[in-house]
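Asker: Protein chains in written order, with my numbering: chain A, 4 to 138; chain B, 4 to 138; chain C, 4 to 138; chain D, 4 to 138.
There are 4 protein chains.
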Amino acid sequence: MDNVTRIGISIEPELLEKFDQMIEQRQYTNRSEAVRDLIRKNLVTDEWEKGIGTVVGSVTVVYDYDQHNVVDKLAELQHKNHSLIHSASQVRLDEHTCLEVIIVQGSPFEIKDFTDKVQATKGVNHAELARCTMK
Amino acid sequence: MDNVTRIGISIEPELLEKFDQMIEQRQYTNRSEAVRDLIRKNLVTDEWEKGIGTVVGSVTVVYDYDQHNVVDKLAELQHKNHSLIHSASQVRLDEHTCLEVIIVQGSPFEIKDFTDKVQATKGVNHAELARCTMK
Amino acid sequence: MDNVTRIGISIEPELLEKFDQMIEQRQYTNRSEAVRDLIRKNLVTDEWEKGIGTVVGSVTVVYDYDQHNVVDKLAELQHKNHSLIHSASQVRLDEHTCLEVIIVQGSPFEIKDFTDKVQATKGVNHAELARCTMK
Amino acid sequence: MDNVTRIGISIEPELLEKFDQMIEQRQYTNRSEAVRDLIRKNLVTDEWEKGIGTVVGSVTVVYDYDQHNVVDKLAELQHKNHSLIHSASQVRLDEHTCLEVIIVQGSPFEIKDFTDKVQATKGVNHAELARCTMK
Numbered sequence: 004m005d006n007v008t009r010i011g012i013s014i015e016p017e018l019l020e021k022f023d024q025m026i027e028q029r030q031y032t033n034r035s036e037a038v039r040d041l042i043r044k045n046l047v048t049d050e051w052e053k054g055i056g057t058v059v060g061s062v063t064v065v066y067d068y069d070q071h072n073v074v075d076k077l078a079e080l081q082h083k084n085h086s087l088i089h090s091a092s093q094v095r096l097d098e099h100t101c102l103e104v105i106i107v108q109g110s111p112f113e114i115k116d117f118t119d120k121v122q123a124t125k126g127v128n129h130a131e132l133a134r135c136t137m138k
Numbered sequence: 004m005d006n007v008t009r010i011g012i013s014i015e016p017e018l019l020e021k022f023d024q025m026i027e028q029r030q031y032t033n034r035s036e037a038v039r040d041l042i043r044k045n046l047v048t049d050e051w052e053k054g055i056g057t058v059v060g061s062v063t064v065v066y067d068y069d070q071h072n073v074v075d076k077l078a079e080l081q082h083k084n085h086s087l088i089h090s091a092s093q094v095r096l097d098e099h100t101c102l103e104v105i106i107v108q109g110s111p112f113e114i115k116d117f118t119d120k121v122q123a124t125k126g127v128n129h130a131e132l133a134r135c136t137m138k
Numbered sequence: 004m005d006n007v008t009r010i011g012i013s014i015e016p017e018l019l020e021k022f023d024q025m026i027e028q029r030q031y032t033n034r035s036e037a038v039r040d041l042i043r044k045n046l047v048t049d050e051w052e053k054g055i056g057t058v059v060g061s062v063t064v065v066y067d068y069d070q071h072n073v074v075d076k077l078a079e080l081q082h083k084n085h086s087l088i089h090s091a092s093q094v095r096l097d098e099h100t101c102l103e104v105i106i107v108q109g110s111p112f113e114i115k116d117f118t119d120k121v122q123a124t125k126g127v128n129h130a131e132l133a134r135c136t137m138k
Numbered sequence: 004m005d006n007v008t009r010i011g012i013s014i015e016p017e018l019l020e021k022f023d024q025m026i027e028q029r030q031y032t033n034r035s036e037a038v039r040d041l042i043r044k045n046l047v048t049d050e051w052e053k054g055i056g057t058v059v060g061s062v063t064v065v066y067d068y069d070q071h072n073v074v075d076k077l078a079e080l081q082h083k084n085h086s087l088i089h090s091a092s093q094v095r096l097d098e099h100t101c102l103e104v105i106i107v108q109g110s111p112f113e114i115k116d117f118t119d120k121v122q123a124t125k126g127v128n129h130a131e132l133a134r135c136t137m138k
C-alpha cells in the first residue's frame with residue numbers, strides 16, 4: 004500500500020485490550036490491518052444487502068455425482084448463467100460425493116438467484132454462497 | 004468516556020471514503036464511534052462462539068396465545084431456567100399473535116439451549132436470539 | 004391448530020436419523036413441529052431481505068446509562084420513530100450498564116435504518132436486531 | 004435416491020401456501036427436495052458450531068496480488084496447513100485483484116483458525132468461509 008491516509012481513533016483502554024488480544028490470536032501484523040478488515044467486512048454486507056453494483060464471490064456445492072444427472076444439470080445451470088460465472092473447479096470427497104466451487108461475479112440479486120437454483124437442483128446437498136467485493 | 008486511549012490507523016483513501024459514507028448515512032458522531040462499534044460486534048461473535056464467560060441478550064418469541072397452552076409452557080420453561088432470566092415483557096400484535104421478549108444473562112451455551120427449547124415449544128412460531136455482551 | 008393439511012415427504016434414512024437426533028435434543032414434540040419451524044425461519048429471512056410487507060421484531064440495546072445523555076438520545080430516537088415502536092423495557096445489568104429491548108413493527112427497511120441509528124448513538128455499546136414475522 | 008423413507012408432516016394451509024410459493028420461485032422439483040434442504044442447512048450450522056467431526060467447505064480470498072508478497076504468504080499458509088487443504092484455484096478479476104478459492108476439509112475449529120489467519124494476511128481484502136458437510 005503506497006498511498007495511505009492516517010486517522011486517529013479514540014478507544015476505551017478495556018476495549019483496546021480485548022481488541023489487541025484478538026489481533027494477537029489471529030496473527031494480524033498490526034491494528035491498522037485489523038481495523039481495515041472490520042471496515043471491509045461491513046462494506047461487503049452493505050453492498051450485498053443493498054444489491055447494487057457488481058460483486059464477486061463463490062458458490063460452494065456438495066452433491067452426489069451419481070444421482071439424478073446432477074452433473075449435467077449443474078453444467079446446464081452454469082451455461083444459462085454464463086455471464087455470472089468466471090470458472091468452476093471440482094474435487095471428489097469420497098466415492099459418492101463431489102465438491103464444486105463456482106466463482107461468480109455480477110449483481111448481488113442475480114448471484115443469489117443463481118445460488119437458490121443450484122441449491123434447488125435434485126442431487127445437490129448444499130450450496131453455500133461466499134460474498135465478497137472487489138475492493 | 005473520561006478515560007480514552009488514542010491510536011493511529013493507516014487506511015487507503017478509497018476505503019476511508021467508503022467508510023465515511025457509511026458513517027454519514029448511519030449518522031455516527033465520528034469515526035472513533037464507528038470503529039469501536041465494529042470492534043465490539045466482532046467481540047460479541049467471538050465470545051458467543053467460544054462459549055465462555057457471561058453474556059447477555061434477549062430471546063424474541065412470536066406465538067399464537069390461544070394454542071396448545073403455549074403461555075403456560077413458556078412460563079414453565081422460564082421457571083425451569085430462572086437463573087438465566089432477567090425479565091420478560093409481552094405485546095399483543097393482533098387477536099391471535101403475541102410477541103414476548105425475554106431478557107437473558109448467563110453462559111452462551113445455556114442461553115442457546117434455552118432458545119432452542121423455546122423454539123421447539125408447540126404454538127411458538129419464532130424464537131430469535133439477540134446476542135450481546137456486557138462490555 | 005384446528006385446521007391442518009397433511010403432506011408426505013420422502014427423505015433418505017441417514018438424513019432422517021440425524022434430523023430425529025436434532026428433534027430429540029431440542030425436545031420437539033414431533034417432526035411436523037420441527038419442519039414447520041424450519042419453513043418459518045426460511046420465510047423470515049426471505050421477507051426481511053426482500054424488504055416488503057410488515058414485519059415484527061426487537062432491538063436489543065446495551066448502553067452505559069451515565070454516558071453522553073444516552074438515555075435521552077434513545078428516548079428522542081424512539082419518539083422520532085414512534086410509528087415503528089410498540090413498547091420498550093429496560094433492565095440494569097450492573098452499576099454502569101443497562102439493557103433495553105425495543106419491540107418494533109413496520110417495514111424491514113425502516114426497522115433496519117432505526118437499528119443503525121440506535122447503534123450509532125454515542126454511549127450505545129450494542130444494538131442487535133431480532134427479525135420475526137407475524138405469521 | 005433409491006433408498007428413501009416416507010414421512011407425513013402436518014402443516015397449516017397458510018404456511019404451506021407460502022412454502023409452495025418459495026418452492027416455485029426457487030424452482031424446486033418438489034416439496035421433499037425443499038424440506039430436505041432445510042434440514043441439511045440446519046445440520047450444517049449445528050456441526051460447525053459444535054465443532055465436532057469432519058466438515059468440508061471453501062475459503063474465498065480476494066487480494067491485491069502485487070502487494071506485500073501476498074501470493075507467497077498465502078502459499079506458505081496453505082503449506083503449513085496442508086492437511087486441511089484439498090486444492091485451490093485462482094481467477095484474476097482486474098489488473099490488481101485476484102480471487103482464490105481454497106477447498107478445505109477437516110475439523111471446524113482448525114478450518115476457522117486457518118480462515119482467520121488468511122484474513123489477517125497483509126494484502127488480503129476478504130476471506131470468506133463457506134461451511135458445508137459431506138452428508
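Glycine included, C-beta positions come from ideal geometry on N, C-alpha and C.
If you're wondering where the values come from, they're calculated on a predicted model, not measured in any experiment.
Give the range of the beta strand (DSSP E) segment to which A:MET92 is assigned.
Answerer: Before going further, note that residue 92 of chain A is Ser rather than Met in the sequence given. Start and end: 88-95.
Asker: Anything in chain D within Cβ reach of C:PRO16, meaning under 8 Å, just list it in chain order.
Answerer: Those are ASN6, VAL7, THR8, listed as they occur along chain D.
Asker: Report whether the distance from the Cβ of A:VAL94 to the nearest heavy atom of the ligand NAD is below 8 Å.
Answerer: As for the ligand NAD, it is missing from this structure, which has no ligand bound.
Asker: Alpha carbon to alpha carbon, what distance is there between A:ASP40 and A:ILE10?
Answerer: About 15 Å.
Asker: Would you say C:LYS138 reaches chain D, if we count a Cβ-Cβ gap shorter than 9 Å as a contact?
Answerer: Cβ-Cβ to chain D under 9 Å: yes for C:LYS138.
Asker: With a threshold of 8 Å, are at least 3 pairs of Cβ atoms found where one atom belongs to the segment 40-51 of chain A and the other to the segment 65-84 of chain A?
Answerer: Because the criterion of three Cβ pairs below 8 Å is not met, the segment 40-51 of chain A and the segment 65-84 of chain A do not touch.
Asker: Nearest CA to the CA of B:LYS115: which residue from B:VAL59, B:GLN93, B:ASP75, B:ILE14?
Answerer: If we check each option's Cα against that of B:LYS115, B:VAL59 comes out closest.
Asker: Mind checking which residues open and close the beta strand (DSSP E) that includes D:ASP67?
Answerer: Its beta strand (DSSP E) spans residues 58-67.
Asker: What does a CB cutoff of less than 8 Å around D:ARG29 pick up in its chain, not counting 5 residues either side in sequence?
Answerer: Taken in chain order, the residues that qualify are ALA37.
Asker: Who does D:GLU131 pair with in a DSSP beta bridge?
Answerer: In DSSP, D:GLU131 forms a bridge with D:THR63.
Asker: Please confirm whether C:GLY54 and C:PRO16 have their CB atoms less than 9 Å apart.
Answerer: Cβ distance not < 9 Å, so C:GLY54 and C:PRO16 don't count as in contact.
Asker: Whole angstroms are fine: how far does the CA of C:ASP23 sit from the CA of D:LEU96?
Answerer: When rounded, the distance between both Cα atoms is 45 Å.
Asker: Are the CB atoms of B:VAL64 and B:ALA133 within a distance shorter than 9 Å?
Answerer: No, the Cβ-Cβ distance between B:ALA133 and B:VAL64 is not below 9 Å.
Asker: Would the beta-carbon of C:PHE121 fall within 9 Å of that of B:ILE106?
Answerer: With the sequence shown as reference, residue 121 of chain C is identified as Val, and Phe is not the correct amino acid for it. No. Outside cutoff.
Asker: Buried or exposed for C:GLU20, please, with buried defined as at least 16 other CB atoms from any protein chain shown within 10 angstroms of its CB.
Answerer: C:GLU20 comes out exposed.
Asker: Select from the segment 19-38 of chain D all residues with a C-beta closer than 8 Å to any C-beta belonging to chain C, and list them in chain order.
Answerer: Going along the segment 19-38 of chain D in chain order, one finds LEU19, LYS21, PHE22, MET25, ARG34, SER35, VAL38 with a Cβ nearer than 8 Å to chain C.
Asker: On the criterion of 16 or more Cβ atoms from any shown chain inside 10 Å, does B:SER35 qualify as buried, or is it exposed?
Answerer: B:SER35 comes out buried.
Asker: Below 9 Å between beta carbons is the criterion; list the residues of the segment 44-57 of chain A that meet it against any residue of chain B, in chain order.
Answerer: Against chain B - using a Cβ distance shorter than 9 Å - the residues of the segment 44-57 of chain A are LYS44, ASN45, LEU46, ASP49.
Asker: Among residues of its own chain, excluding the 5 on either side of D:HIS99, which ones have a beta-carbon nearer than 6 Å to its beta-carbon?
Answerer: Counting only Cβ-Cβ distances below 6 Å, and skipping sequence neighbours, we find ASP67.
Asker: Taking 8 Å as the limit between beta carbons, can you name the residues of its chain near C:LEU46, skipping five residues before and five after?
Answerer: These residues qualify, in order along the chain: THR136, LYS138.
Asker: Would you give the residue range spanned by the alpha helix (DSSP H) that A:GLU27 belongs to?
Answerer: It spans 16-28 - the alpha helix (DSSP H) in which A:GLU27 sits, taken as one unbroken run.
Asker: Are A:GLU103 and A:ALA91 close, meaning C-beta to C-beta below 9 Å?
Answerer: In this structure, A:ALA91 lies closer than 9 Å to A:GLU103 by Cβ.
Asker: Classify D:GLN70 as helix, strand or coil using the three-state DSSP reduction.
Answerer: The answer is coil: DSSP assigns D:GLN70 none of H, G, I, E or B.
Asker: Please check the pair A:ASN109 and A:SER86, which I expect to be a contact at CB under 8 Å, by giving their CB distance rounded to whole angstroms.
Answerer: Just to set this straight, residue 109 of chain A is Gly in the shown sequence, not Asn. Right, their Cβ atoms sit about 7 Å apart.
Asker: Residues in the same chain with beta-carbon distance under 8 Å from D:LYS76, minus the five sequence neighbours each way, listed in chain order, please.
Answerer: Excluding sequence neighbours, D:LYS76 sits near THR124, LYS125, GLY126.
Asker: Just verifying my parser: in three-state terms, what is the DSSP assignment at B:GLU10?
Answerer: The sequence shown places Ile at residue 10 of chain B, rather than the Glu named in the question. In this structure, B:ILE10 counts as strand in the three-state DSSP scheme.
Asker: Answer with yes or no whether the minimum CB distance from C:LEU87 to chain B is below 9 Å.
Answerer: It does not; no Cβ of chain B falls within 9 Å.
Asker: Secondary structure at A:LEU100, three-state DSSP: helix, strand or coil?
Answerer: According to the sequence displayed, residue 100 of chain A carries Thr and not Leu. Reduced to three states, the DSSP call for A:THR100 is strand.
Asker: Find the nearest neighbour of C:LYS83 within the set C:TYR31, C:THR118, C:CYS101, C:GLU131, judged by alpha-carbon distance.
Answerer: Looking at the Cα atoms, C:THR118 is the closest of the given residues.
Asker: Taking B:SER90 as the query, report the chain A residues whose CB atoms sit under 8 Å from its CB, ordered along the chain.
Answerer: Within chain A, no residue comes near B:SER90; the closest Cβ sits about 27 Å away, beyond 8 Å.
Asker: Please list, in chain order, all residues of the same chain as A:ILE26 whose beta carbon is under 7 Å from its beta carbon, the five residues on each side excluded.
Answerer: Result list for A:ILE26: ARG34, ALA37, in chain order.
Asker: Mapping the DSSP letters down to three states, classify B:ILE55 as helix, strand or coil.
Answerer: In this structure, B:ILE55 counts as coil in the three-state DSSP scheme.
Asker: 9 Å is my cut-off, CB to CB: does D:ALA78 come that close to chain A?
Answerer: Not an interface residue.
Asker: Tell me where the alpha helix (DSSP H) around B:THR118 begins and ends.
Answerer: From DSSP, the alpha helix (DSSP H) with B:THR118 extends over 111-123.
Asker: Within 10 Å of its beta-carbon, does B:ASN128 have 16 or more other beta-carbons around it, so buried, or fewer, so exposed?
Answerer: Classification of B:ASN128: buried, given that the 10 Å Cβ count is 16 or more.
Asker: Excluding sequence positions up to five away, which residues of its chain have a Cβ less than 6 Å from the Cβ of A:CYS101?
Answerer: Taken in chain order, the residues that qualify are TYR66, TYR68, GLN93, ARG95.
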